[in-house]
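Chemist: Everything in the sequence shown is counted per the numbering used here, starting at 7 for the first residue and increasing by one.
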Amino acid sequence: MSIFSPRRFQQKFLPVTREDETLTEKTLTAFEALVKGVLFSCRMCGNCILQETAYICPMTCPKGLRNGLCGGASPEQCEVDSTRPCTWYKIYERAEKMDRLDSLLEINAPIDGKRAGKEQWSEVVRVWREEDNSPKFIEFITDKEKFQKDWDHIFYKIRQPDWWQGDAEYHPPKTEEPVSFLEASLQTGEFVTTAEIAPPLGASGNIIRKKGNMLREYVTAANFTDNASASARMNSLASSKISMDTGIEPVMQLQARDRSRVVIESDAMGAVGLGIHNILCLSGDHQFFGPDPMAQPNQFDMDAIQMLWMLRRMRDEQKYLDGRYIKNPPMFFLGAAGSPFGAPPKYEAIRAEKKINAGAQFMQTQPIFDYEGFLEWLEALDKRNLLDKIYLLPGVIPLRSARAAHFMADEVPGVSIPNEIVKRMDNAGDKQGQEEVGVQIALEIIEKLKNTPGINGMHIMAVHWEKIVPRLVEESGIPKPNHELRKQFELQGNLVTEV
Ligand code: SF4
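1) Suppose you measure from the CA of residue 479 to the CA of residue 81; what does that come to, to the nearest Å?
2) What are the complete beta strand (DSSP E) segments, minimum 3 residues, inside the stretch 160-208?
3) Is it buried or exposed, residue 176, if we count other Cβ atoms within 10 angstroms and call 16 or more buried?
4) How is residue 401 classed by DSSP in three states: helix, strand or coil?
5) Who are the Cβ neighbours of residue 146 in its own chain at under 7 Å, not counting the five residues just before and after it?
6) Terminal residues of the continuous beta strand (DSSP E) containing residue 340?
7) Rounded to whole angstroms, what is the Cα-Cα separation between residue 267 and residue 469?
8) To test your reading of the DSSP string, which unbroken alpha helix (DSSP H) runs of 4 or more residues are found completely within the stretch 202-254?
9) Compute the minimum distance between the beta carbon of residue 40 and the heavy atoms of the ligand SF4, and state whether it is under 7 Å.
10) Would you kindly work out how many angstroms separate the C-alpha atoms of residue 48 and residue 368, rounded to a whole number?
11) What three-state label does DSSP hand residue 18 in the structure shown?
12) Spatial neighbours of residue 356 within its chain, please: CB distance less than 6 Å, with the 5 preceding and 5 following residues excluded, ordered by chain position.
13) Alpha carbon to alpha carbon, what distance is there between residue 228 and residue 7?
14) Three or more C-beta pairs under 8 Å: does that hold for the stretch 304-321 against the stretch 266-282?
15) Please report how far the alpha carbon of residue 420 lies from the alpha carbon of residue 87, in whole angstroms.
16) Would you check if the stretch 439-453 and the stretch 394-411 touch, i.e. whether three or more CB-CB distances between them fall below 8 Å?
17) Let me know if residue 300 comes out buried or exposed under the rule of 16 or more other beta-carbons within 10 Å of its beta-carbon.
18) Once DSSP output is grouped into helix, strand and coil, what is the label at residue 7?
19) The ligand SF4 and residue 56: does any heavy atom of the ligand fall closer than 7 Å to the residue's C-beta?
20) Thinking C-beta only, is residue 392 closer than 8 Å to residue 364?
21) Does DSSP put residue 425 in a helix, in a strand, or in coil?
22) For the ligand SF4, is there any heavy atom lying closer than 7 Å to the beta carbon of residue 81?
23) Taking only runs that begin and end inside the stretch 76-122, name each unbroken alpha helix (DSSP H) of 4 or more residues, in chain order.
24) Say whether the stretch 158-176 touches the stretch 252-261, bearing in mind that this needs 3 or more beta-carbon pairs closer than 8 Å, one atom from each stretch.
25) Cβ of residue 167 versus every heavy atom of the ligand SF4: is any distance shorter than 7 Å?
26) Which residues in the same chain have their Cβ closer than 7 Å to the Cβ of residue 18, if we skip the five residues on either side of it in sequence?
27) Give the DSSP bridge partners of residue 48, in chain order.
28) Taking only three categories from DSSP, how would you classify residue 256?
29) Check the DSSP bridge columns for residue 261 and list the partner residues they point to.
30) Three-state secondary structure (DSSP) at residue 302?
31) Run through DSSP, which three-state label would residue 59 get?
32) Can you give me the start and stop residues for the beta strand (DSSP E) that residue 476 sits inside?
33) Beta-carbon within less than 7 Å of residue 169's beta-carbon, same chain only, minus the 5 sequence neighbours each way: which residues are those?
34) Report the option in 380, 335, 340, 333 whose CA atom is closest to the CA atom of residue 354.
35) Compute the beta-carbon to beta-carbon distance between residue 440 and residue 408, rounded to the nearest angstrom, for a pair I have assumed lies under 8 Å.
Structure (structure tokens):
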């Protein structure tokens with residue numbers, strides 16, 4: 007309970023208009039705000055999901071995430087505000103104590119702005135009256151199980167509007183026909199390599215062309231980040247298009263921060279229109295991590311899971327979030343980020359399952375240095391029968407210096423580097439020696455990943471050191487991209503289902 011909560015990150019939601027509100031509704035709104043404000047730090051989002059979140063308000067998360075924790079959380083501190091614990095950690099812990107961890111699998115809707123700032127209690131009463139199977143108070147004593155089931159049903163109806171209908175089920179893609187070279191390569195069962203290229207800081211695409219030419223023979227696809235760390239660069243859409251022109255298939259990263267649901271739909275559709283089919287959905291780093299002056303906070307209209315849910319339905323059900331029919335649906339190959347070291351594996355596995363259920367087909371993870379820790383995460387995914395439903399590409403970062411090793415170990419959330427690796431880097435001598443040891447460590451990790459069941463490839467993040475990627479691929483003996491297959495997709499060009 008949050009009577010003494012010192013922080014309220016989300017703005018207080020106010021109704022867009024009070025035009026149609028009756029005096030009774032206004033009074034109820036004021037009363038609900040007071041009671042839930044004291045008990046839960048309620049911001050009156052008007053789309054309450056407290057039943058799903060173990061009675062801890064998710065809007066006390068600085069990003070307002072409604073479907074689970076972000077990659078940088080730890081039990082001690084929120085990644086944005088180190089003076090308080092992560093809201094979602096508290097939710098997982100309490101849900102576990104209540105034996106309701108699996109209820110966190112349901113995919114919660116983004117906020118309906120027209121309901122924001124308004125009371126919901128009259129809505130509960132209305133649905134309670136309308137439903138045939140409404141819980142009866144006497145059943146709380148005589149048949150508690152039935153009461154709980156009917157109670158949950160009432161609140162499910164309220165929190166899952168018709169335009170969303172989120173659930174906790176796996177929704178496989180409607181077709182297995184590959185839509186990209188990356189998807190086709192993964193389907194062959196070969197070990198697939200992707201690499202990350204940071205979009206340029208300026209307006210020239212030459213650096214992408216140069217790096218694309220360097221990597222083309224070695225990687226199946228290249229990821230383009232989307233204003234990572236809330237810091238402006240060339241956008242991932244333009245970078246992806248330039249990359250395609252050099253013959254290297256892009257994975258366009260698309261983050262929710264700074265984008266409304268309309269812009270996400272529009273950008274993703276535009277990407278397919280340009281022939282970009284691999285889209286990696288991310289919630290995005292908080293504005294707090296960007297350079298000053300910091301942008302206005304609270305610019306998360308959706309989270310990564312909601313994006314996946316929405317984009318999958320655009321492709322497979324041919325409809326926009328608002329229900330309009332899409333004649334030529336966008337053929338996405340949808341990806342998500344995995345975080346093996348963020349929270350305990352049992353919690354991270356729930357988040358991974360939610361992403362997979364929502365629509366993720368491939369998952370690229372944070373860098374692996376702690377192989378044993380990575381296996382624990384993998385085991386947690388396996389326990390949930392997820393490994394057959396997702397292509398897994400664990401992250402590999404070749405460390406370039408001892409300083410980088412210390413920085414990643416101490417400062418980067420969601421990364422775990424064993425002391426032994428940091429020590430090896432410390433003892434590696436001069437700059438050249440450190441680079442060499444960094445490469446050897448990366449090769450050792452790749453060797454282990456190559457032989458790990460459930461793994462489909464790797465994602466190399468050698469940002470600003472892309473020239474090391476060919477050496478890692480050559481020396482580790484992993485297969486190079488299948489050029490015959492690539493040609494087929496180059497010829498195929500922009501793929502849409504023409505209706
Ligand atoms: S989920 Fe929304 S309505 Fe419910 S307590 Fe939190 S801010 Fe209030």
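Ideal Cβ placement from N, Cα and C applies to all residues, glycine included.
None of the values given here were measured: they were computed from a predicted structure.
Modeler: Taking the definition as stated:
1) Residue 479 sits at position 473 when you count from the first residue of the sequence shown. Residue 81 sits at position 75 when you count from the first residue of the sequence shown. If you take the alpha carbons of residue 479 and residue 81, they lie about 37 Å apart.
2) 198-203
3) Looking up residue 176 in the sequence shown gives position 170. By the 10 Å Cβ count, residue 176 comes out exposed.
4) On the sequence shown, position 395 is the one that residue 401 refers to. In this structure, residue 401 counts as strand in the three-state DSSP scheme.
5) For the purposes of this step, residue 146 is taken as residue 140 along the sequence shown, with counting starting at 1. So the list reads 153, once near-sequence residues are dropped.
6) Numbered from 1 along the sequence shown, position 334 holds the residue referred to as residue 340. Looking at the DSSP string, the run of the beta strand (DSSP E) that includes residue 340 is 339-344.
7) Within the sequence shown, residue 267 is the residue found at index 261, counting from 1. Within the sequence shown, residue 469 is the residue found at index 463, counting from 1. For residue 267 and residue 469, the distance between alpha carbons rounds to 30 Å.
8) Qualifying alpha helix (DSSP H) stretches, in chain order: 212-221, 242-251.
9) The residue labelled residue 40 in the question sits at position 34 within the sequence shown. No - the ligand SF4 has no heavy atom lying nearer than 7 Å to the Cβ of residue 40.
10) Numbered from its first residue, the sequence shown carries residue 48 at position 42. Numbered from its first residue, the sequence shown carries residue 368 at position 362. Between the alpha carbons of residue 48 and residue 368 lies a gap of roughly 36 Å.
11) Position 12 of the sequence shown, counted from the start, is the residue given in the question as residue 18. Looking at residue 18 - three-state DSSP - the assignment turns out to be coil, as it is neither helix nor strand.
12) Locating residue 356 in the sequence shown gives position 350, counting from the first residue. Contacts found: 110.
13) Locating residue 7 in the sequence shown gives position 1, where the first residue counts as 1. Locating residue 228 in the sequence shown gives position 222, where the first residue counts as 1. Note that residue 7 scores a pLDDT of 44, beneath 50, so its modelled location is shaky and nothing firm can be said.
14) yes
15) Taking the sequence shown and counting its residues from 1, one reaches residue 420 at position 414. Taking the sequence shown and counting its residues from 1, one reaches residue 87 at position 81. So the alpha carbons of these two residues sit roughly 16 Å apart.
16) yes
17) Taking the sequence shown and counting its residues from 1, one reaches residue 300 at position 294. Flag for residue 300 reads exposed.
18) Within the sequence shown, residue 7 is the residue found at index 1, counting from 1. Note that residue 7 has pLDDT 44, beneath the 50 cutoff, so the model's placement of it is unreliable and the number below is only indicative. Correct three-state label for residue 7: coil.
19) Translated into positions along the sequence shown, residue 56 becomes position 50. Result yes, Cβ under 7 Å from the ligand SF4.
20) In the sequence shown, counting from the first residue as 1, residue 364 sits at position 358. In the sequence shown, counting from the first residue as 1, residue 392 sits at position 386. Not in contact: residue 364 and residue 392 (Cβ atoms no closer than 8 Å).
21) Locating residue 425 in the sequence shown gives position 419, where the first residue counts as 1. Residue 425 falls in the helix class under three-state DSSP.
22) Position 75 of the sequence shown holds residue 81. Checking the Cβ of residue 81 against the ligand SF4 gives no.
23) 93-103
24) The answer is no - the stretch 252-261 does not touch the stretch 158-176, with fewer than three Cβ pairs under 8 Å.
25) On the sequence shown, position 161 is the one that residue 167 refers to. Answer for residue 167: no, Cβ out of range of the ligand SF4.
26) In the sequence shown, the residue the question calls residue 18 occupies position 12. If we look at residue 18 and ignore the five residues flanking it on each side, its Cβ neighbours are 49, 50.
27) Within the sequence shown, the letter at position 42 stands for residue 48. DSSP output for residue 48 lists no bridge partner at all.
28) In the sequence shown, residue 256 corresponds to position 250, counting from 1. Residue 256: strand per DSSP, three-state reduction.
29) Taking the sequence shown and counting its residues from 1, one reaches residue 261 at position 255. For residue 261, which the question treats as bridged, DSSP gives the partners 288.
30) Numbered from 1 along the sequence shown, position 296 holds the residue referred to as residue 302. Three-state result, residue 302: coil.
31) Taking the first residue of the sequence shown as position 1, residue 59 is located at position 53. DSSP places residue 59 in coil when its eight states are reduced to three.
32) As a first step, residue 476 is located in the sequence shown; it is residue number 470 there, counting from the start. Segment 475-482 is the alpha helix (DSSP H) holding residue 476; no beta strand (DSSP E) there.
33) Against the sequence shown, residue 169 aligns to sequence position 163. 327, 328, 329, listed in sequence order.
34) Locating residue 354 in the sequence shown gives position 348, where the first residue counts as 1. Closest by alpha carbon: 380.
35) Here residue 440 refers to the residue found at position 434 of the sequence shown. Here residue 408 refers to the residue found at position 402 of the sequence shown. Going by Cβ atoms, the distance from residue 440 to residue 408 rounds to 6 Å, so yes, they are a contact pair.
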